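Undergrad: Protein chains in written order, with the working numbering: chain A, 1 to 142; chain B, 143 to 256. Even glycine gets a Cβ: it sits at the ideal position worked out from N, Cα and C. Since we're looking at a predicted model, the values are computed, not measured.
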Amino acid sequence: MNGLIHSEYPRETADYTHAGEASADIKRKLKQLGVSASVMRRVAVASYEVELNLVIHSDGGVLSLDVYPDSILLVSKDRGPGIPDLEMAMKEGYSTANEEARALGFGAGMGLPNMKRNADGFEIESEVGKGTEIRMSFNING
Amino acid sequence: MNVKELKELIEAKSLTPSLPEDVTVTCGYACDLLSWVMSHGDSGMAWTTVQTNMNVVAVAVLADMACVILPEDIEMEKEVLDKAVGEGIVVLSSPLTSYEISGRMYGQGIAAHN
Chain A
1 MNGLIHSEYP
11 RETADYTHAG
21 EASADIKRKL
31 KQLGVSASVM
41 RRVAVASYEV
51 ELNLVIHSDG
61 GVLSLDVYPD
71 SILLVSKDRG
81 PGIPDLEMAM
91 KEGYSTANEE
101 ARALGFGAGM
111 GLPNMKRNAD
121 GFEIESEVGK
131 GTEIRMSFNI
141 NG
Chain B
143 MNVKELKELI
153 EAKSLTPSLP
163 EDVTVTCGYA
173 CDLLSWVMSH
183 GDSGMAWTTV
193 QTNMNVVAVA
203 VLADMACVIL
213 PEDIEMEKEV
223 LDKAVGEGIV
233 VLSSPLTSYE
243 ISGRMYGQGI
253 AAHN
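Here it is in structure tokens:
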């Protein structure tokens, strides 16, 4: 199926200065397409969380946005290090963020649960030594 | 209550004077853990925080907030303020503590949630 929009945002480890720019761009694009404020907000929150995860936890990766007539797809693919205990990582309040991230106000352990809560569809696959892939889908009409 | 009225209520000054202050404030929040705010932030929110890094602006924008409030006369670096202006997020700086700011807002009927 051909999408209306396809964008890719590479993100590097510990690049806090640019964290949030992909999400802001995604939000702008959805606004231009006339996506409703509530859906736009859910996508923006989820994309910011996943963008921050790439910056805080990954060895670098890419966030991509695909917009279809009825749905929006966000995919985050990183180059590692992978999540050893996915069940723990999905729990609210559990965080492995380092001191630098915590000093900036991150590391509440809300990232993955918040993504799951905001997306209509949420899938995560992770392999230690290889990387993590997160796929989130959103219905445009609600 | 709009941002201008809120500014007067908490004796604040705007660090982004070029931005309009007619945006309606619908709810309030006080928290310094950005990743916590991301999961609790809401549209029209006036958010009090001592954090002043670039990500404060990102969180406020993505959650469609009305404004950011810095307590205890905290200032924000020009680079971050430029970003706030670019994104249309009003930043207020108040001499009051987060506790007193929240108290005054609550007393004027600004709720915790929309």
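(1) Under 9 angstroms between beta-carbons, which chain A residues line up against D215 of chain B? List them in chain order, please.
(2) Classify M247 of chain B: buried if its beta carbon has 16 or more other beta carbons within 10 angstroms, exposed otherwise.
(3) So, helix, strand or coil for L175 of chain B, using DSSP?
(4) Looking at the unbroken beta strand (DSSP E) that takes in P10 of chain A, where does it start and where does it end?
(5) Would you call H6 of chain A buried or exposed, if buried means 16 or more other Cβ atoms sit within 10 Å of its Cβ?
(6) Decide if the region 33-41 of chain A is in contact with the region 74-85 of chain A; the criterion is three or more beta carbon pairs, one per stretch, under 8 angstroms apart.
(7) So that I know if they touch, is there some Cβ in chain B lying closer than 7 angstroms to that of L104 of chain A?
(8) Give the single residue among A:I140, A:N114 and A:N141 whose Cα lies nearest to the Cα of I134 of chain A.
(9) So which residues of chain B does S23 of chain A contact, with C-beta pairs closer than 8 angstroms?
(10) Below 8 angstroms CB to CB, which residues in the same chain sit around S58 of chain A once its five sequence neighbours on both sides are set aside?
(11) Go ahead and label E221 of chain B buried or exposed: buried means 16 or more other beta carbons lie within 10 angstroms of its beta carbon, across all protein chains shown.
(12) Among B:V179, B:T191 and B:D206, which has the Cα closest to the Cα of T166 of chain B?
(13) Compare the C-beta of L161 of chain B against all C-beta atoms of chain A and say whether one is closer than 7 angstroms.
(14) Check the C-beta distance from T158 of chain B over to A172 of chain B and give it rounded, since I have them as a contact under 8 angstroms.
(15) Given a cut-off of 7 angstroms, decide if P213 of chain B and S240 of chain B are closer than it, judged by their beta-carbon atoms.
(16) Which of the three DSSP states, helix, strand or coil, is assigned to R135 of chain A?
(17) Relative to chain A, which residues along the region 154-184 of chain B have a C-beta separation below 7 angstroms, given in chain order?
(18) With distances taken Cα to Cα, identify the nearest neighbour of N118 of chain A among A:V50, A:H18, A:S126 and A:R28.
(19) Excluding the five sequence neighbours on either side, which residues of its own chain have a C-beta within less than 7 angstroms of the C-beta of D215 of chain B, listed in chain order?
(20) On a CA-only basis, which of B:G186, B:K225, B:G183 and B:T168 is nearest T17 of chain A? Give me that one, please.
(21) Using only alpha-carbon positions, find the residue among A:L104, A:I26, A:I124 and A:M90 that is nearest to V55 of chain A.
(22) Using the DSSP secondary-structure output, state which residues sit across from T166 of chain B in a beta bridge.
(23) Identify whether G61 of chain A lies in helix, strand or coil by the three-state DSSP scheme.
(24) So with Cβ pairs under 7 angstroms, would you call N144 of chain B a contact of chain A?
TA: So, from the data block:
(1) The count along the second sequence starts at 1 and reaches residue 215 of chain B at position 73. Result: empty, since nearest Cβ-Cβ is about 20 angstroms, beyond 9 angstroms.
(2) As a working note, residue 247 of chain B is residue 105 in the second sequence. Its Cβ being crowded by 16 or more others within 10 Å, M247 of chain B is buried.
(3) As a working note, residue 175 of chain B is residue 33 in the second sequence. Residue state, collapsed to three classes: coil.
(4) One-based indexing of the first sequence puts residue 10 of chain A at position 10. First-last of the beta strand (DSSP E) with P10 of chain A: I5 to R11.
(5) The sequence position of residue 6 of chain A within the first sequence is 6, counting from 1. When all chains shown are included, H6 of chain A counts as exposed.
(6) no
(7) Translated into the one-based positions of the first sequence, residue 104 of chain A becomes position 104. Chain B contact via Cβ: present.
(8) Stepping through the first sequence from its first residue, residue 134 of chain A is reached at position 134. Closest by alpha carbon: A:N114.
(9) Numbered from 1 along the first sequence, position 23 holds the residue referred to as residue 23 of chain A. Going along chain B in sequence order, the residues near S23 of chain A (Cβ under 8 angstroms) are A200 and L204.
(10) Taking the first residue of the first sequence as 1, we reach residue 58 of chain A at position 58. In the same chain as S58 of chain A, and ignoring 5 residues on each side of it, the C-beta atoms closer than 8 angstroms to its own belong to R11, T13, D78, R79, G80, P81, G131 and T132, in chain order.
(11) The residue given as residue 221 of chain B occupies position 79 in the second sequence. Result: exposed.
(12) Counted from its first residue, the second sequence places residue 166 of chain B at position 24. Here the closest residue by C-alpha is B:D206.
(13) Here residue 161 of chain B is taken as the residue at index 19 of the second sequence, counted from 1. It does not; no Cβ of chain A falls within 7 angstroms.
(14) As a working note, residue 158 of chain B is residue 16 in the second sequence. As a working note, residue 172 of chain B is residue 30 in the second sequence. With a Cβ gap of about 20 angstroms, T158 of chain B and A172 of chain B do not count as contacting.
(15) On the second sequence, residue 240 of chain B is found 98 positions in, with the first residue counted as 1. On the second sequence, residue 213 of chain B is found 71 positions in, with the first residue counted as 1. Cβ atoms of S240 of chain B and P213 of chain B: closer than 7 angstroms.
(16) To locate residue 135 of chain A, count along the first sequence from 1; it is residue 135. Strand.
(17) D174, L175, L176, S177, W178, M180 and S181
(18) Mapped onto the first sequence, residue 118 of chain A falls at position 118. Taking only the C-alpha atoms, the option nearest N118 of chain A is A:V50.
(19) To locate residue 215 of chain B, count along the second sequence from 1; it is residue 73. Cβ within range, chain order: S235 and P237.
(20) Within the first sequence, residue 17 of chain A is the residue found at index 17, counting from 1. If you compare the alpha carbons of B:G186, B:K225, B:G183 and B:T168 with that of T17 of chain A, the shortest gap goes to B:K225.
(21) As a first step, residue 55 of chain A must be located in the first sequence, where it is residue number 55. When each option's Cα is compared against that of V55 of chain A, the closest is A:L104.
(22) Locating residue 166 of chain B in the second sequence gives position 24, counting from the first residue. According to DSSP, which records beta bridges pairwise, T166 of chain B is partnered with B:N144.
(23) Mapped onto the first sequence, residue 61 of chain A falls at position 61. Three-state result, G61 of chain A: strand.
(24) In the second sequence, counting from the first residue as 1, residue 144 of chain B sits at position 2. For N144 of chain B, the answer is no, since every Cβ of chain A falls outside 7 angstroms of its Cβ.
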